[in-house]
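*Asks:* These protein sequences, in sequence, are chains A and B. Using this note's numbering, the letters of the first sequence correspond one by one to residues 981 to 1097. Using this note's numbering, the letters of the second sequence correspond one by one to residues 39 to 153. Even for Gly, the Cβ is constructed at its ideal location relative to N, Cα and C. I'd like to ask some things about the structure below.
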Amino acid sequence: DTAVSQTPKYLVTQMGNDKSIKCEQNLGHDTMYWYKQDSKKFLKIMFSYNNKELIINETVPNRFSPKSPDKAHLNLHINSLELGDSAVYFCASSHRTGGLSGANVLTFGAGSRLTVL
Amino acid sequence: AQSVAQPEDQVNVAEGNPLTVKCTYSVSGNPYLFWYVQYPNRGLQFLLKYITGDNLVKGSYGFEAEFNKSQTSFHLKKPSALVSDSALYFCAVRASYSSASKIIFGSGTRLSIRP
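As structure tokens, then:
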């Protein structure tokens, strides 16, 4: 059983389109994240949700909108795609953050490679 | 502000030799420190972490890391490298004082083990 699963694995689309990436975790974690990995492999956090509540929202264009229907799912919707959005997007999850639990380990999905033409 | 530096983009080691992948950090207060590994076309996988206590931390696949507070470093080590250790390695840090603090990743170091 895949612990953190993302779909689709690959996504090729035209500039200006709107697309979504879905993420689901079956680990019973309360916190989920979206990370963006660029072509140079830099990994940067975009959003974090804890029990469906947004707790981290980095400086990300508002074309990116996360949605968490329940604590096992965190989807990422991107409007008006631009060339610079091409990257690999990773979903991750962990147990609740805060205190010593801030040392909780992240479990990552396999990534969704987005290519904007 | 928190930051992590991995000064080497690439480390090349012969199989059987010891390896070190360097990491230094900057954070207010005490850090939580992590190492993750990424194989091609895969997500990151957890290797080991330091929270408190013994400065030498042992992790998966024979890796270990040493926390050095005075040098603000958390270098990853392995006594004898395997070809299968070739991958991209990320160091990460989180400040322990705040539940709102983020996990910040370094830029990654590509480890290449030659047979």
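If A:M1012 and A:Y1029 are in contact, beta carbons under 8 Å, what's the gap, nearest whole angstrom?
*Replies:* 5 Å
*Asks:* Relative to the alpha-carbon of A:S985, which residue among A:K999, A:E1004, A:M995 and A:V992 has its alpha-carbon at the smallest distance?
*Replies:* Of the candidates A:K999, A:E1004, A:M995 and A:V992, the residue whose Cα lies closest to the Cα of A:S985 is A:E1004.
*Asks:* For B:T58 and B:K115, I'd like the C-alpha separation in whole angstroms.
*Replies:* Going from the Cα of B:T58 to the Cα of B:K115 covers about 5 Å.
*Asks:* What distance in whole Å lies between the Cβ atoms of A:Q1017 and A:A1067, which are believed to be in contact at a cut-off of 8 Å?
*Replies:* Indeed, because the Cβ distance is near 6 Å, the residues count as touching under 8 Å.
*Asks:* Excluding five sequence neighbours on each side, which residues of the same chain lie with their C-beta closer than 7 Å to the C-beta of B:S134?
*Replies:* Non-local C-beta neighbours of B:S134 in its own chain, meaning closer than 7 Å and more than five positions away in sequence, comprise G67, N68, P69 and Y70, ordered along the chain.
*Asks:* Measuring only between beta-carbons, confirm whether B:G70 sits less than 7 Å from chain A.
*Replies:* One point to set straight first is that residue 70 of chain B is Tyr, not Gly, in the sequence displayed. It does; some Cβ of chain A falls within 7 Å.
*Asks:* State yes or no: is the beta carbon of B:G81 nearer than 7 Å to at least one beta carbon in chain A?
*Replies:* yes
*Asks:* Pick out the complete alpha helix (DSSP H) segments inside the segment 1010–1071 of chain A, 4 residues or longer, and give them in chain order.
*Replies:* none
*Asks:* Quick one: using the 10 Å Cβ neighbour count with 16 as the cut-off for buried, is B:G146 buried or exposed?
*Replies:* buried
*Asks:* Just the C-alpha distance for A:L1007 and A:P1049, rounded to the nearest angstrom, thanks.
*Replies:* 16 Å
*Asks:* Three-state secondary structure (DSSP) at B:S98?
*Replies:* B:S98: helix per DSSP, three-state reduction.
*Asks:* Cβ atoms of A:N1031 and A:K1002: under 7 Å apart, would you say?
*Replies:* no
*Asks:* Whole-angstrom Cβ separation of B:K96 and A:V1085, contact assumed at under 8 Å?
*Replies:* The C-beta distance from B:K96 to A:V1085 rounds to 15 Å, too long to meet the 8 Å contact threshold.
*Asks:* Out of A:T987, A:T982 and A:D998, which has the shortest C-alpha to C-alpha gap to A:N1059?
*Replies:* A:D998
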